[in-house]
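Q: Protein chains in written order, with the working numbering: chain A, 1 to 248; chain S, 1 to 444.
C-beta: ideal position from N, C-alpha, C; glycine also.
Written out as structure tokens, the structure reads:
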């Protein structure tokens, strides 16, 4: 992407702390913004704030990632077609609930993998036909290896990461770029009160800046804090025979 | 969510741990306002203990969204946690600037209203409150009340300059001024002593902005020697050709910062003397007309992030008083003489002419205001008590947004409005609800 365009940047899950921070960053560069989220009316003050601070158009669109049947119509409703679509959608749930309650686990799996992958897939078709566009999936380091403490969430993110990788491979020759963002720990409403190590924890604005740069520089896969790349390399390198006995 | 934090003002004195809650939603802020003994805190630019809650403190920085802007009237609606610098960043490129700005752009709108801050244009435009159209205030019951000059006028007039003691300021509508460029046309006048500095202010009543840096270490015949700086927003036709093409472009500057507490010895009477002498010489050379970018003109200290750390870990105290016109020269002479005599030396001393102001509890009154800063130590505390006495004897008063140590008796004898303010707080039940370390100290 070079410079601001009049084509909108769509942010799926635009009401989250990371989603709003990304919206501010792309708006700052002069892009019109579409925030797509559930109960989107609650974001009216955020809408006005982004629009006033950056002097761009910001619109709100109702979007529920679990309603897969309405996704094609949702994509068709965005006029003009977006230059960039970013999915920030994710739901951690409680691992203990996810273990016992298949319905709870299904929501986590669908919110982190099925929904975002299908939605980006629909946009991918349209972008491939137009020969241009950028798709960004915010996945997670939790998808790099399943661990006892969060494997339901992690496995869904692993699926999403693999989906993005395949999509990138397929679309590389068709002018459509796919970016995978792995944030690591982020200080948000979702993690408030958790005791997170400072050096490994990014602010939402940092995720936004790195995401923006990744789009600008056509990066493929980024870890928001590079130390996470190293950590996950080490975690992946541990033999399963040892790994299964560890608590990480 | 409530957590315990070490609370302090910009002067880093006093400090004390206390519960701090940072609401993310309006509903959370309303719930927090119902706790007893709370006060709202903006961006922590009050120098002393104004924004340290008696029992708990509400950090309003999370409620920082801009709501609406009307280009017909220049009215901006925003939440109280919005920082003035963000308003400038958003609107100066579109030709708007705050009508009134204090010496730092890092104040929140809520803080600016609570302290009814003033700027270099007070003599012609009045204080920040003059350009507030309405405010939304969360009361003791957690309900939001809109107040303006017509609607709930009592709440409006008590809240502007009310130091957060009438409720939690949640939103406000403020006016911005249309400007033609980001540049200020500055004129510097060198004045050899206090009376000529005051004469320069009196002669410059038509200037939009006026302020003086005063060499507070000069004594004898040089007492009060100053650089009086006048400013106007540069119009298109004022601008030199290199700026005319891009009147709203701000030059890039590197930000300097003070990364750690300086050892206390770094700022002693010798370094202060050297700084003041250098500033004087530099200023004299710059006498005459120059074009200055808005950031350097209004916020010279903001360019050095964390400048409050140069006084070391023990912190510092600001002293700002205002004296009525008739006693200004005599009172200022006494204050400057006393300051120079102790050799405490203020790093920065700023003199400013105020215009008239009628308000219920705001600081400004017609006359001259002097701001000084000193390291926080026992000697300073002794000096400031003496300065209080001089101020009170001359019918003046002290700025609460900078105060960290004044005695309640000083405030109530200097300013009969304080007693009325306290009575109002008792009568309306606000007294037990909203309280800061400062309001407890000053029996407000």
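Using a cut-off of 7 Å between C-beta atoms, extract the partners of residue 52 of chain A located in chain S.
A: Taking the first residue of the first chain as position 1, residue 52 of chain A is located at position 52. Under the 7 Å cutoff, chain S gives 66, 69, 90.
Q: Any residues in the segment 22-51 of chain S with a beta carbon nearer than 8 Å to a beta carbon of chain A? Which ones, in chain order?
A: Answer in chain order: 24.
Q: Do you know offhand how far residue 5 of chain S's Cα is from residue 171 of chain S's?
A: For the purposes of this step, residue 5 of chain S is taken as residue 5 along the second chain, with counting starting at 1. For the purposes of this step, residue 171 of chain S is taken as residue 171 along the second chain, with counting starting at 1. For residue 5 of chain S and residue 171 of chain S, the distance between alpha carbons rounds to 25 Å.
Q: List the endpoints of the continuous alpha helix (DSSP H) containing residue 66 of chain S.
A: One-based indexing of the second chain puts residue 66 of chain S at position 66. First-last for residue 66 of chain S: 66-70, but that is the beta strand (DSSP E), not the alpha helix (DSSP H).
Q: Under 8 Å, Cβ to Cβ, is there at least one residue of chain A near residue 295 of chain S?
A: The residue given as residue 295 of chain S occupies position 295 in the second chain. Not closer than 8 Å to any Cβ of chain A, the Cβ of residue 295 of chain S fails to qualify, so no.
Q: What does the alpha-carbon distance come out to for the pair residue 335 of chain S and residue 368 of chain S?
A: Locating residue 335 of chain S in the second chain gives position 335, where the first residue counts as 1. Locating residue 368 of chain S in the second chain gives position 368, where the first residue counts as 1. C-alpha separation (whole angstroms): 12 Å.
Q: Give, in chain order, every residue of the segment 28-54 of chain A whose Cβ lies closer than 7 Å to some Cβ of chain S.
A: The residues in question are 45, 46, 48, 49, 52, 53.
Q: At a Cβ threshold of 8 Å, is residue 177 of chain S touching chain A?
A: Looking up residue 177 of chain S in the second chain gives position 177. So no, residue 177 of chain S is outside the interface.
Q: Using a beta-carbon distance below 8 Å, is residue 285 of chain S in contact with chain A?
A: The sequence position of residue 285 of chain S within the second chain is 285, counting from 1. No, no contact with chain A.
Q: Using a Cβ cut-off of 8 Å (strictly closer), state whether residue 86 of chain S contacts chain A.
A: If you number the second chain from 1, residue 86 of chain S lands on position 86. Yes, residue 86 of chain S counts as interfacial toward chain A.
Q: If we count the other Cβ atoms within 10 Å of its Cβ and call it buried at 16 or more, is residue 190 of chain A buried or exposed?
A: On the first chain, position 190 is the one that residue 190 of chain A refers to. With fewer than 16 other Cβ atoms within 10 Å, it is exposed.
Q: To the nearest angstrom, how far is the alpha carbon of residue 120 of chain S from that of residue 126 of chain S?
A: Numbered from 1 along the second chain, position 120 holds the residue referred to as residue 120 of chain S. Numbered from 1 along the second chain, position 126 holds the residue referred to as residue 126 of chain S. If I take the Cα positions, the gap works out to 10 Å.
Q: Hey, out of A:167, A:7, A:139, whose CA is closest to residue 158 of chain A's CA?
A: Residue numbering aside, residue 158 of chain A sits at position 158 when the first chain is read from its first letter. It is A:139.
Q: Compute the Euclidean distance between the alpha carbons of residue 402 of chain S and residue 238 of chain A, then round it to the nearest angstrom.
A: Taking the second chain and counting its residues from 1, one reaches residue 402 of chain S at position 402. Taking the first chain and counting its residues from 1, one reaches residue 238 of chain A at position 238. Computed Cα separation, rounded: 58 Å.
Q: Rounded C-beta distance between residue 158 of chain S and residue 361 of chain S? I'm assuming under 8 Å.
A: Sequence index remark: in the second chain, residue 158 of chain S carries index 158 (1-based). Sequence index remark: in the second chain, residue 361 of chain S carries index 361 (1-based). Residue 158 of chain S to residue 361 of chain S, Cβ: 7 Å. Contact.
Q: Does any C-beta atom of chain A lie closer than 8 Å to the C-beta of residue 146 of chain S?
A: Taking the second chain and counting its residues from 1, the one referred to as residue 146 of chain S is at position 146. So no, residue 146 of chain S is outside the interface.
Q: To the nearest whole angstrom, what separates the beta carbons of residue 32 of chain S and residue 67 of chain S, a pair I think is in contact under 8 Å?
A: Here residue 32 of chain S refers to the residue found at position 32 of the second chain. Here residue 67 of chain S refers to the residue found at position 67 of the second chain. In fact, because the Cβ distance is near 21 Å, the residues do not count as touching under 8 Å.
Q: Please report the straight-line C-alpha distance between residue 393 of chain S and residue 407 of chain S, rounded to a whole angstrom.
A: Taking the first residue of the second chain as 1, we reach residue 393 of chain S at position 393. Taking the first residue of the second chain as 1, we reach residue 407 of chain S at position 407. Distance between the alpha carbons of residue 393 of chain S and residue 407 of chain S is about 15 Å.
Q: In the DSSP assignment, the alpha helix (DSSP H) including residue 99 of chain A goes from what residue to what residue?
A: Start at 1 with the first residue of the first chain, and residue 99 of chain A comes out as number 99. Element bounds for residue 99 of chain A: 95-100.
Q: Can you tell me where the alpha helix (DSSP H) with residue 321 of chain S in it begins and where it stops?
A: For the purposes of this step, residue 321 of chain S is taken as residue 321 along the second chain, with counting starting at 1. Not the alpha helix (DSSP H): residue 321 of chain S falls in the beta strand (DSSP E), residues 316-324.
Q: Since residue 189 of chain A meets chain S, which of its residues come closer than 9 Å, beta carbon to beta carbon?
A: For the purposes of this step, residue 189 of chain A is taken as residue 189 along the first chain, with counting starting at 1. Those are 24, listed as they occur along chain S.
Q: Can you pull the chain A neighbours of residue 405 of chain S, defined as C-beta to C-beta under 9 Å?
A: Your numbering for residue 405 of chain S matches position 405 in the second chain. Simply none; closest approach about 35 Å.
Q: For chain A, is any of its Cβ atoms less than 8 Å away from the one on residue 94 of chain S?
A: Your numbering for residue 94 of chain S matches position 94 in the second chain. It does; some Cβ of chain A falls within 8 Å.
Q: Cβ of residue 182 of chain S within 8 Å of Cβ of residue 92 of chain S?
A: For this step, residue 182 of chain S is matched to residue 182 along the second chain. For this step, residue 92 of chain S is matched to residue 92 along the second chain. Closer than 8 Å, so yes.
Q: Residue 79 of chain S: buried (16+ other C-beta within 10 angstroms of its C-beta) or exposed?
A: Taking the first residue of the second chain as position 1, residue 79 of chain S is located at position 79. By the neighbour-count rule (16 or more Cβ atoms within 10 Å), residue 79 of chain S is buried.
Q: Apart from the five residues on each side of it in sequence, which residues of its chain come closer than 8 Å, Cβ to Cβ, to residue 63 of chain A?
A: Your numbering for residue 63 of chain A matches position 63 in the first chain. Contacts found: 12, 36, 37, 38, 40, 74.
Q: The alpha helix (DSSP H) spanning residue 17 of chain A covers which residue range?
A: As a position in the first chain, residue 17 of chain A is number 17, starting the count at 1. That run of the alpha helix (DSSP H) goes 17-28.
Q: Is the segment 225-239 of chain A touching the segment 9-26 of chain S, taking contact as three or more C-beta pairs under 8 Å?
A: Touching, no.
Q: Among S:442, S:128, S:36, which residue has its Cα nearest to the Cα of residue 141 of chain S?
A: By one-based count along the second chain, residue 141 of chain S stands at place 141. Among S:442, S:128, S:36, the Cα nearest to that of residue 141 of chain S belongs to S:36.
Q: Throw me the rounded Cβ distance for the residue 131 of chain A and residue 175 of chain A pair, which I believe falls under 8 Å.
A: Taking the first chain and counting its residues from 1, the one referred to as residue 131 of chain A is at position 131. Taking the first chain and counting its residues from 1, the one referred to as residue 175 of chain A is at position 175. Confirmed, Cβ separation roughly 4 Å.
Q: Which whole-angstrom value is the C-beta distance of residue 201 of chain S and residue 397 of chain S, which I expect to be below 8 Å?
A: Here residue 201 of chain S is taken as the residue at index 201 of the second chain, counted from 1. Here residue 397 of chain S is taken as the residue at index 397 of the second chain, counted from 1. That belief does not hold up - the Cβ atoms of residue 201 of chain S and residue 397 of chain S are roughly 19 Å apart, past 8 Å.
Q: List the endpoints of the continuous beta strand (DSSP E) containing residue 2 of chain S.
A: Within the second chain, numbered from 1, the residue matching residue 2 of chain S stands at position 2. First-last of the beta strand (DSSP E) with residue 2 of chain S: 2-8.
Q: Given this structure, state the Cα-to-Cα distance separating residue 9 of chain S from residue 395 of chain S, to the nearest angstrom.
A: Here residue 9 of chain S refers to the residue found at position 9 of the second chain. Here residue 395 of chain S refers to the residue found at position 395 of the second chain. About 28 Å.
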